[in-house]
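First the structure, in the form of structure tokens, and then the observations on it.
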Amino acid sequence: MANNQNDKSALLQQLKIHPSDKQEASGLKVWHLLVAMLLSAGLTYWLTLTLSGPVQAGQDNVQARKNAPRPAEEKAAEPKPAVRATDNQSILNSSGYITARRTATVSAEIMGLITQVNVEEGMQVTEGQVLAQLDNALASVSLELAHAQVKALIARKNAMQADLEEARRNNQRISSNDYSSEAERTRAMSQLQSLTASLESAEADILVARLEARRQQERLDDHTIRAPFGGVVTEKNAQPGEIVAPTSAGGGFTRTGICTIVDMESLEIEVDVNEAFIGRVFPGQKVDAHLDAYPDWTIPASVIAIIPTADRAKATVQVRIKLEESDPRILPDMGVKVAFQKT
Numbered sequence: 001m002a003n004n005q006n007d008k009s010a011l012l013q014q015l016k017i018h019p020s021d022k023q024e025a026s027g028l029k030v031w032h033l034l035v036a037m038l039l040s041a042g043l044t045y046w047l048t049l050t051l052s053g054p055v056q057a058g059q060d061n062v063q064a065r066k067n068a069p070r071p072a073e074e075k076a077a078e079p080k081p082a083v084r085a086t087d088n089q090s091i092l093n094s095s096g097y098i099t100a101r102r103t104a105t106v107s108a109e110i111m112g113l114i115t116q117v118n119v120e121e122g123m124q125v126t127e128g129q130v131l132a133q134l135d136n137a138l139a140s141v142s143l144e145l146a147h148a149q150v151k152a153l154i155a156r157k158n159a160m161q162a163d164l165e166e167a168r169r170n171n172q173r174i175s176s177n178d179y180s181s182e183a184e185r186t187r188a189m190s191q192l193q194s195l196t197a198s199l200e201s202a203e204a205d206i207l208v209a210r211l212e213a214r215r216q217q218e219r220l221d222d223h224t225i226r227a228p229f230g231g232v233v234t235e236k237n238a239q240p241g242e243i244v245a246p247t248s249a250g251g252g253f254t255r256t257g258i259c260t261i262v263d264m265e266s267l268e269i270e271v272d273v274n275e276a277f278i279g280r281v282f283p284g285q286k287v288d289a290h291l292d293a294y295p296d297w298t299i300p301a302s303v304i305a306i307i308p309t310a311d312r313a314k315a316t317v318q319v320r321i322k323l324e325e326s327d328p329r330i331l332p333d334m335g336v337k338v339a340f341q342k343t
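So the sequence shown is numbered by the UniProt record's numbering: it starts at 1 and just counts up by one.
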């Protein structure tokens, strides 16, 4: 029993940590910590040198490129104003519109009911072509009556002509007979003169009747609406069943025009030039025109006239410009820019 206790005491003594052992272990831990810190500091310094080297080199290269003189050919060219490539340099630019000098809204000279319209927008028409037809029933009847009146008057004249010939023969016979009385001679002469006057009156009546027939024919022709000149129909303003009149008579079914025709050969340019620069423009001056719809297409043109009046509100003067060539792409009211040339 005593031996067992001695053994346990010996074991406990072996398990105890001696103070000197504690100090030795603590010293080792501090030493290991210092070594780790030194290694970490060295690694950080090495990484700093490694990474900062390329960055500094790059910055030096950039600064060197900035300070280095540039070759003359690498200098950026200064921007220059755009100049149109033309034979003659322009001295003035302006803008305006395409206008038609010859355009008409075709209407009727009389009021009537539209029975037929023969045009559509975009249709090409020639001078005298029938555009529309009005109801002409009454006008046709009036014309027939006028012709019948002329025929009746001509028949009456022919009868008077026969009576006059008979009166002349009778007067000649009475005048040649010695046994005819003075009263018979006077009566025969009076009859001859009366028939002569009646014949002249009949001829005048025939002339009046023929004039009336001509007037009725013109009224009938007024029911047929024709193109006053050749061109293109740009607007169709009426339909069959509507009433057309020379002037507005009120009502939603009354029209003052059948259609609008534009002569495409009469197209020209109208521009407003600032009055401060109007001295640079003169009749006959060459002009380059560019439509807004086709800016790369140069149209040759020339100044027709300078309108001798100024716009007080805009301080501009209107200039008419002739298009030297016609093209179906040029349309009325298109926007256009022009450049007036030196010569």
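For every residue, glycine included, the Cβ atom is placed at its ideal position computed from N, Cα and C.
| query | result |
| --- | --- |
| Status (buried if at least 16 other CB within 10 Å, exposed otherwise) for LEU211 | exposed |
| Reduced DSSP secondary structure (H/G/I, E/B, other) of THR256 | coil |
| With 16 other Cβ atoms within 10 Å as the buried cut-off, status of ILE17 | With a pLDDT of only 49 at ILE17, under the threshold of 50, the placement of this residue in the model should not be trusted; the figure read from the coordinates follows. With fewer than 16 Cβ atoms within 10 Å of its Cβ, ILE17 is classed as exposed. |
| 8 Å Cβ shell around ALA311 - same chain, five flanking residues per side excluded | Looking at the sequence itself, residue 311 is Asp, so the reference to Ala does not match. The answer, listed in chain order, is ASP272, VAL317, GLN318. |
| Residues of its chain near ALA222, where Cβ-Cβ distance is below 7 Å and the 5 sequence neighbours each way are ignored | A small fix is needed here, since residue 222 is Asp in this sequence, not Ala. Excluding sequence neighbours, ASP222 sits near ALA108, GLU109, ILE110. |
| Alpha carbon of ARG187 to alpha carbon of ILE174, nearest angstrom | 10 Å |
| Contiguous beta strand (DSSP E) assignments of at least 3 residues, all confined to the stretch 202 to 244 | 224 to 226, 231 to 236 |
| Segment contact, 8 Å Cβ cut-off, at least three pairs: the stretch 279 to 290 with the stretch 119 to 139 | no |
| Local conformation of LYS66 per DSSP, three classes | Reliability fails at LYS66, whose pLDDT of 49 lies under 50, so the model's placement of it is uncertain and the value that follows must be treated cautiously. The answer is helix: DSSP assigns LYS66 an H, G or I state. |
| Cut-off 7 Å between Cβ atoms - residues of its own chain near LYS157, not counting five sequence neighbours on either side | LEU199, ALA202, GLU203, ILE206 |
| Length of the line joining the Cα atoms of ILE306 and GLU325 | 21 Å |
| Alpha-carbon to alpha-carbon, THR103 and THR256 | 16 Å |
| Three-way DSSP call (helix, strand, coil) for LYS342 in this model | coil |
| Beta-carbon spacing of VAL125, ILE261 below 8 Å | yes |
| As assigned by DSSP and simplified to three states, the class of GLY122 | coil |
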